[in-house]
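Asker: My questions will all concern the structure given below.
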Amino acid sequence: MDLQQLGLSITWKYAFVLNRSQSSGFGTFATSTYKEMWQNHSCSISSISHYHGRKNKKFFWLSAIAPLVSVILSTLIVYLTKADKHGVQIVRHFKGGLNPSSLHQLQFSSPHIGEIAKVGLICAIIALTEAIAVGRSFASIRGYQLDGNKEMLAMGCMNIAGSLSSCYVATGSFSRTAVNFSAGCETVVSNIVMAISVFISLELLTRLLFYTPVAILASIILSALPGLIDINEACHIWKVDKLDFIVCIGTFFGVLFGSVEIGLLVAIIISFLKVLVSSIRPSTEVLGRLPGSASFGDIIQYPMASKIPGVLIVRINSGSLCFANASSIKERILNLVKEQNDIEESGEDKVRSLMLDMSNVSTIDTSGIISLEELHKALRSRGIKLALVSPRWQVINKLKIADFIDKIGRGGIFLSVDEAVNACVEPKIVALRE
Numbered sequence: 054m055d056l057q058q059l060g061l062s063i064t065w066k067y068a069f070v071l072n073r074s075q076s077s078g079f080g081t082f083a084t085s086t087y088k089e090m091w092q093n094h095s096c097s098i099s100s101i102s103h104y105h106g107r108k109n110k111k112f113f114w115l116s117a118i119a120p121l122v123s124v125i126l127s128t129l130i131v132y133l134t135k136a137d138k139h140g141v142q143i144v145r146h147f148k149g150g151l152n153p154s155s156l157h158q159l160q161f162s163s164p165h166i167g168e169i170a171k172v173g174l175i176c177a178i179i180a181l182t183e184a185i186a187v188g189r190s191f192a193s194i195r196g197y198q199l200d201g202n203k204e205m206l207a208m209g210c211m212n213i214a215g216s217l218s219s220c221y222v223a224t225g226s227f228s229r230t231a232v233n234f235s236a237g238c239e240t241v242v243s244n245i246v247m248a249i250s251v252f253i254s255l256e257l258l259t260r261l262l263f264y265t266p267v268a269i270l271a272s273i274i275l276s277a278l279p280g281l282i283d284i285n286e287a288c289h290i291w292k293v294d295k296l297d298f299i300v301c302i303g304t305f306f307g308v309l310f311g312s313v314e315i316g317l318l319v320a321i322i323i324s325f326l327k328v329l330v331s332s333i334r335p336s337t338e339v340l341g342r343l344p345g346s347a348s349f350g351d352i353i354q355y356p357m358a359s360k361i362p363g364v365l366i367v368r369i370n371s372g373s374l375c376f377a378n379a380s381s382i383k384e385r386i387l388n389l390v391k392e393q394n395d396i397e398e399s400g401e402d403k404v405r406s407l408m409l410d411m412s413n414v415s416t417i418d419t420s421g422i423i424s425l426e427e428l429h430k431a432l433r434s435r436g437i438k439l440a441l442v443s444p445r446w447q448v449i450n451k452l453k454i455a456d457f458i459d460k461i462g463r464g465g466i467f468l469s470v471d472e473a474v475n476a477c478v479e480p481k482i483v484a485l486r487e
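In the working numbering, the protein residues as written are 54 to 487.
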């Protein structure tokens with residue numbers, strides 16, 4: 054069932070229930086129900102042209118003029134049939150014309166200037182977030198790049214100009230953007246034409262909109278929504294990443310049952326929690342040598358990779374070693390050492406050297422350095438040497454300042470895992486030969 058069929062079915066049900074409660078006799082009920090259905094459905098049929106214009110390329114022009122034609126026809130139908138007296142809600146009277154200038158009301162010495170600045174900052178953040186989110190959504194569909202600086206400049210100029218006439222805070226409207234998108238608008242000229250049309254309507258046509266049904270205004274927006282809902286993409290996100298799917302669904306229901314602001318807030322909160330969880334609990338890998346090469350890979354991903362006897366190689370899969378994850382990484386490494394020693398029965402095959410692959414770690418803070426020092430002490434008490442492999446220059450610089458390099462020795466820093474393994478294994482081979 055598509056959106057138009059759903060709308061007609063809801064209208065049928067609403068008319069049935071409404072007239073059943075208001076009519077006392079069966080004949081009155083049947084007559085009133087028939088009139089109610091016909092009048093409401095007449096308002097909905099004009100919006101179907103917009104749907105067929107999008108589905109059939111031969112009638113591409115139909116989708117472009119559908120909103121205007123729908124408003125005109127539905128207004129005429131309501132006016133001629135007096136449908137507003139039978140339950141059809143209409144716009145009725147609203148004040149026309151443009152707002153007068155409010156420049157003379159501008160006061161910088163007002164006692165409420167602090168409160169106004171606070172509210173203005175909140176409005177600016179929400180408006181900018183909504184505009185960027187809506188803009189990026191449609192930019193990804195059309196395949197063009199959104200310039201955030203231009204968006205901020207345009208919104209700033211727009212709201213400054215609008216404030217001179219007490220206008221509402223303007224942002225990237227989701228409903229208006231969706232209608233423009235469904236009508237096939239390509240450039241900003243459409244906004245100029247729309248602004249001129251709104252200006253003429255406010256000045257001259259407000260009285261003609263008295264009998265415009267609210268249902269047709271809602272149908273114009275709703276008819277533009279199906280093209281923005283991509284079920285296949287949602288299924289693809291579910292297959293790729295379950296957490297991203299939760300963000301997608303949370304945002305969808307936030308907008309559906311709340312507003313765009315609530316949807317954005319839900320998306321931000323879930324995304325923040327996702328990043329927080331991945332930062333607190335980063336994964337670690339035990340590496341082994343791949344057969345016939347000097348490369349090392351995860352022994353789970355590459356079952357053919359072989360461990361080096363007496364050597365445990367651990368890779369940290371985190372961009373930062375910080376207060377949020379340093380303790381958990383240290384405990385996990387110590388548990389890996391314990392598990393390895395429990396498995397190996399021979400004393401010679403037990404872990405004697407731990408090589409920490411830090412090629413993925415780009416930043417480290419004081420908590421991370423302290424955790425490395427505690428790890429070094431715990432390993433040294435068990436007779437295990439610690440070596441760092443491929444640390445970034447930002448990391449190695451902080452470790453030098455903290456005197457950690459002096460504690461493990463400069464011979465404990467290696468450029469690659471293969472170099473570290475060779476440096477550890479060769480002394481054993483020489484000792485065996487002697």
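Backbone N, C-alpha and C define an ideal beta-carbon position, used for all residues, glycine too.
(1) Compare the Cα-Cα distances from Leu217 to each of Asp283, Ile422, Asn152 and Cys375 and report the closest residue.
(2) Could you please give me the residues that DSSP links to Ile366 through a beta bridge?
(3) When we look at the beta-carbon of Leu340 and count the other beta-carbons within 10 Å, is it buried (16 or more) or exposed?
(4) How many Å lie between Gly225 and Ala347 at the Cα?
(5) Please state if the CB of Val308 and the CB of Ser324 are separated by a distance shorter than 7 Å.
(6) Would you identify the three-state DSSP class for Phe263, choosing helix, strand or coil?
(7) Across the stretch 184 to 193 and the stretch 126 to 140, are there enough close Cβ pairs to call them in contact, namely three or more that are closer than 8 Å?
(8) In the DSSP assignment, the beta strand (DSSP E) including Ala440 goes from what residue to what residue?
(9) Does the stretch 401 to 412 come close enough to the stretch 349 to 365 that 3 or more CB-CB pairs lie under 8 Å?
(10) Would the beta-carbon of Gly421 fall within 7 Å of that of Leu374?
(11) I need the boundaries of the alpha helix (DSSP H) containing Thr350, first residue and last residue.
(12) Determine the extent of the alpha helix (DSSP H) in which Gly372 is found, giving its start and end residues.
(13) To the nearest whole angstrom, what separates the beta carbons of Phe467 and Leu425, a pair I think is in contact under 8 Å?
(14) In the DSSP assignment, find the unbroken alpha helix (DSSP H) run with Ser240 in it and report its ends.
(15) Which partner residues of Thr416 appear in the DSSP bridge assignment?
(16) Should Leu441 be labelled buried (16 or more other beta-carbon atoms within 10 Å of its own) or exposed?
(17) Note the first and the last residue of the continuous alpha helix (DSSP H) segment covering Phe161.
(18) Which of the three DSSP states, helix, strand or coil, is assigned to Ser155?
(19) Taking only the alpha-carbon atoms, compute the straight-line gap between Asp471 and Phe349 and give it to the nearest angstrom.
(20) Quick check on the DSSP output: the alpha helix (DSSP H) that includes Ser331 runs from which residue to which?
(21) Would DSSP call Phe147 helix, strand or coil?
(22) Look at the alpha carbon of Lys327 and the alpha carbon of Ala268, and state the distance between them as a whole number of angstroms.
(23) Is it true that the stretch 206 to 222 meets the stretch 172 to 189, where meeting means three or more beta-carbon pairs spaced less than 8 Å apart?
(24) Measure the alpha-carbon distance for Pro356 versus Arg368 and round it to whole angstroms.
(25) List the endpoints of the continuous alpha helix (DSSP H) containing His289.
(26) Just the C-alpha distance for Gln196 and Trp291, rounded to the nearest angstrom, thanks.
(27) For Thr259 and Gly149, which I take to be in contact (beta-carbon distance under 8 Å), what is that distance rounded to the nearest angstrom?
(28) Gly201 lies in the alpha helix (DSSP H); which residues open and close that run?
(29) Please name the residue or residues paired with Phe4 in a DSSP beta bridge.
(30) Where do the ends of the alpha helix (DSSP H) carrying Val390 lie?
(31) By Cβ distance, which residues of its chain are closer than 6 Å to Leu262, with the 5 residues on each side in sequence left out?
(32) Pick out whichever of Ser336, Val232, Glu384 and Arg334 has its Cα sitting closest to the Cα of Val119.
(33) Do Ser412 and Trp371 have their beta-carbon atoms positioned less than 7 Å apart in this structure?
(34) If I'm right that Val390 touches Ile437 with Cβ under 8 Å, what's the distance once you round it to whole angstroms?
(35) How long is the line joining the alpha carbons of Gly316 and Ile302, rounded to whole angstroms?
(36) Can you look up Met90 in the DSSP assignment and give me helix, strand or coil?
Answerer: Reading off the structure:
(1) Asn152
(2) Leu340 and Met408
(3) buried
(4) 55 Å
(5) no
(6) coil
(7) no
(8) Lys438 to Val442
(9) yes
(10) yes
(11) It is Gly, not Thr, that sits at residue 350 in the sequence shown. No alpha helix (DSSP H) holds Gly350; the beta strand (DSSP E) holding it covers Phe349 to Asp351.
(12) Gly372 -> no alpha helix (DSSP H), and no H or E assigned at all.
(13) About 16 Å; that fails the 8 Å criterion.
(14) Going by the sequence as given, residue 240 is Thr instead of Ser. Careful: Thr240 lies outside any alpha helix (DSSP H) and carries neither H nor E.
(15) Ser373
(16) buried
(17) From DSSP, Phe161 is part of no alpha helix (DSSP H); its letter is neither H nor E.
(18) coil
(19) 8 Å
(20) Val313 to Ile333
(21) coil
(22) 40 Å
(23) yes
(24) 16 Å
(25) Ile284 to Val293
(26) Gln is not the amino acid found at residue 196; the sequence shown has Gly there. If I take the Cα positions, the gap works out to 23 Å.
(27) 3 Å
(28) Gly201 to Ser216
(29) Outside the displayed span of the chain (54 to 487) sits residue 4, for which this structure offers no information.
(30) Ala379 to Ile396
(31) Val144
(32) Before going further, note that residue 119 is Ala rather than Val in the sequence given. Looking at the Cα atoms, Val232 is the closest of the given residues.
(33) Checking the sequence shown, residue 371 turns out to be Ser, not Trp. No; because the gap between Cβ atoms is not below 7 Å, this pair is not in contact.
(34) 7 Å
(35) 10 Å
(36) Since pLDDT at Met90 reaches only 47, below the 50 mark, its modelled position is unreliable, and the value read off the structure follows with that caveat. Note: Met90 maps to helix in three-state DSSP.
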